[in-house]
């Protein structure tokens with residue numbers, strides 16, 4: 572999947588699956604906005 576120059580909004584990005592998805596997308600060149608509840 573080509574993620575370069577794409578933007579993703581990721582919920583639950585602080586840990587678990589959300590965090591891993593955020594890290595993977597960032598490594599692939601995607602701009603991300605990750606959020607989570609405190």
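Residue numbers (this note's numbering): 572 to 609. Just so you know, even glycine gets a beta-carbon here, dropped at the ideal spot from N, CA and C. On a predicted model such as this, the values are computed, not experimentally measured, just so you know.
Determine the extent of the beta strand (DSSP E) in which residue 605 is found, giving its start and end residues. 602 to 606
Taking the straight line between their C-alpha atoms, what separation do you get for residue 599 and residue 609? 27 Å
By alpha-carbon positions, which one of 581, 576, 572, 591 ends up nearest to residue 606? 581
Measure the C-alpha to C-alpha separation of residue 574 and residue 597 and round it to an integer number of angstroms. 9 Å
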